[in-house]
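What follows is a set of notes on a single structure, which appears directly below.
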Amino acid sequence: AAARGLNHTVGLQRPRTEDGLWLWQSGLGGAGVLDLDLDGWPDLHLTASGGKDGGGPGSCNNQPNTTARNLAGQFVDVSNASGLADPGFTQGVGIGDFNADGFPDCLIANIGINTLYRNNGDGTFTNVTEWMFDNPEEAFSADGTATTAVGTDSRNTWTSSVAMADIDQDGLSDLIEINYCGGPTPYQQRCLDAIIKKYRSCQPITLPAERDRVHRNRGAIKTSSLFEDQTDQWFASSDPGRGLGILVGQIDGVDGLDLYISNDMTANHFWRFETATKSLNEQATIRGVAFNHQSAAEASMGIAATDADGDLDLDLYVTHFTDESNTFYEQVRAGLFQDTTDSVDLAAPSRDMLGFGTQFVDLDGDAIDELVVANGHIDEFRHKDLQYEMPAQLYAIDSENKWQWVRDSAIGPYFKEPRMGRAMATMDANRDGQTDLVVTDLFRPTALLINQTPRTTDSLSVRVVGVRSERDAIGTTILATTSSGVQMRQRMAGSGYQSSNEPVLSFAIPEGDSEVELEVRWPSGNQQNITVSLPQQELLLIEPASGD
């Protein structure tokens, strides 16, 4: 990262004693990929919290976030110039185009009031957080600071991850906030560790869960607000969970968006928007993704999705705590999942790890995704003989659909060094057609992993722009037919952990192919069949204005 000019740290200092971290410090480090100036090169927005000058939850005196502009593969810090140097106690990043002007906007999750930034179209951003409130004067004082203390107001709480997507399919991106807990308890209360006789963070199960929030996009500014709070209407059918991660897409392959939310020590949520009732219906238990195969709720963090077994539907992978194996949910029928973690050999290698960010990515161009996981504990537990820093893991799938932990030194030194990995996002930082990774760390500088894997195939990178659908076209599914078979990719929001990936769908093209057939299924219901002549490395698809 440093060699390419990317210099970012989350801002926390590693504790020198076993007093350890507060729970609200343990999961920091969001990462968002966006082309802020539309020059074709993916830029980065990386969150920070804490710092040497104080700060903390609800404070505006934290280390500012980092915005790094990508200039032909080299990064330049434009945090102040861009207007995105948010000094809140920040968590995740959501990227999307909420006003459909073609420029990516930015939603920042905070412990405190979340922040919405509108892209001005020239590489700079304007803070338009007040647009999220029907009565902004009740939330902000004259100087723009919150009128209530963190944890004392449902709008001023602990949000972990955020995303933008058109939930109600009206062509406009809505704002989704995944909340961890409410009330002031996590910032004030510590519990006695009986072994070391010190006060440390309390168990998550003792903290009150906070309902996730959703802001519906009205499409035009009415009075003072562009958005209206639809939380009571859309999130009314389930108890809240301590949310950490989110994935939005047509997960079940049926028209309409699904929201999959990972919760800490309670059932995960699978929300589906029902047009008849104009509300979200929680279906995780009947879908098979609320619990593991033992019907146990786990500490769920990161989420990744891909067609792992080649049957042209999405499978899910969720990271968990130590002594809980990460979970692989195979979609065995449309919208129905089964925990097959043990049978695909993904249980044992993850049991000693504590996973956060995770992504499926085709690193070697063989049209089959690998699986990458960032690991690291939430606190120092030397007295329990537990690892604090942990190595990241790379898994590859074999011809029998079994996953193998790749431990060959050839994959690079990053995977050999124990770390405190957190968010993970995908991007093609040097635009060579191979997907790279950016991974944040609780204490070390953020890592930029440039993919140098030898490959014998070409690649085709596809971007989609909605017309009848929302401009970001979340849920768009593309089937690409080549001489080696059919590949399925979907445009999703969220993914990983507190992160937003570069909005590109990448396909491996066998050497010698002269064309590729694309079947495009847009969220609006539009379908297209396109023949793409090769060689071609990048393709921009704009949705037809009609369904003809």
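Here the sequence shown stands for residues 7 to 554, where the numbers follow my numbering. Even glycine gets a Cβ: it sits at the ideal position worked out from N, Cα and C.
The Cβ neighbour count for Asn535, taken over all protein chains shown within 10 Å, is under 16; the residue is labelled exposed. Distances from the CA of Ser207 to each of Tyr335, Ile173, Ile384, Cys112 were compared; the closest alpha carbon is that of Ile384. In the DSSP assignment, the residues bridged to Trp164 are Ile117.
His51 is positioned such that its CB atom lies closer than 8 Å to that of Thr73.
Counting along the chain, the unbroken alpha helix (DSSP H) around Ser88 starts and ends at 85 to 88.
In this model, Asn105 and Ser179 are separated by some 8 Å (Cα to Cα). Note that the C-beta distance between Asn269 and Val295 is not below 8 Å. When Cβ pairs closer than 8 Å are counted between the two stretches, the region 98 to 118 is seen to touch the region 26 to 36, the count reaching three or more. In the three-state scheme derived from DSSP, where H, G and I count as helix and E and B as strand, Thr488 is classed as strand. A direct Cα-Cα distance of roughly 15 Å separates Arg278 from Phe343. Apart from sequence neighbours up to five positions away, the residues of its chain that approach Leu352 with a beta-carbon distance below 6 Å are Phe334, Trp409, ordered along the chain. With a contact defined as Cβ atoms closer than 8 Å, Arg469 and Leu546 qualify at about 5 Å. In the structure shown, Tyr193 adopts helical secondary structure according to DSSP, grouped into three states. In this structure, Ala398 lies near Tyr420, with their beta-carbon atoms less than 8 Å apart. Take the alpha-carbon of Leu181 and the one of Ala171: they are about 7 Å apart.
Put simply, of Val444, Thr272, Phe95, Leu77 the residue whose alpha carbon is nearest the alpha carbon of Asn71 is Phe95. Distance from Leu232 to Met498 at the Cβ level is roughly 24 Å; contact not present, criterion being Cβ atoms closer than 8 Å. Here Arg222 is buried: its Cβ has 16 or more other Cβ atoms, across all protein chains shown, within 10 Å.
Contact between Ile309 and Gly251 holds: CB atoms are separated by about 5 Å, below the 8 Å threshold.
Within the region 492 to 531, no complete alpha helix (DSSP H) segment of 4 residues or longer occurs. Residue nearest to Val168 within the set Asn507, Ser520, Gly500, Asp348 is Gly500 (criterion: CA-CA distance).
Using a Cβ distance threshold of 8 Å, Glu395 and Pro424 count as a contacting pair. Beta-bridge pairing by DSSP links Ser243 to no other residue.
In this model, Glu544 and Glu523 are separated by some 15 Å (Cα to Cα).
By alpha-carbon distance to Leu29, the top candidate from Gly56, Leu466, Asn67, Pro192 is Pro192.
Here the alpha carbon of Leu213 sits roughly 43 Å from the alpha carbon of Gly79. Straight-line measurement puts the Cα of Arg450 at about 42 Å from the Cα of Asp261. Rounded to the nearest whole angstrom, the CA to CA distance from Thr130 to Val510 is 23 Å.
Between Ser512 and the set Thr325, Ile211, Lys422, Thr441, the nearest pair of CA atoms involves Thr441.
In this structure, Gln496 and Thr482 form a Cβ contact; the two beta carbons are roughly 7 Å apart against a cut-off of 8 Å. When secondary structure is reduced to three states using DSSP, Phe327 falls in the coil class, being assigned neither helix nor strand. Annotation: Gly341 to Leu369 spans about 28 Å, alpha carbon to alpha carbon.
If you check the CB distance, Val412 and Gly427 do not come in under 8 Å.
Under the three-state reduction of DSSP output, His389 falls in the helix class. Relative to the Cα of Ala200, the nearest Cα in the group His389, Thr281, Gln239, Leu400 belongs to His389. Residues of the same chain with a CB within less than 6 Å of the CB of Val84, apart from the 5 flanking positions on each side, are Thr73, Arg75 in chain order.
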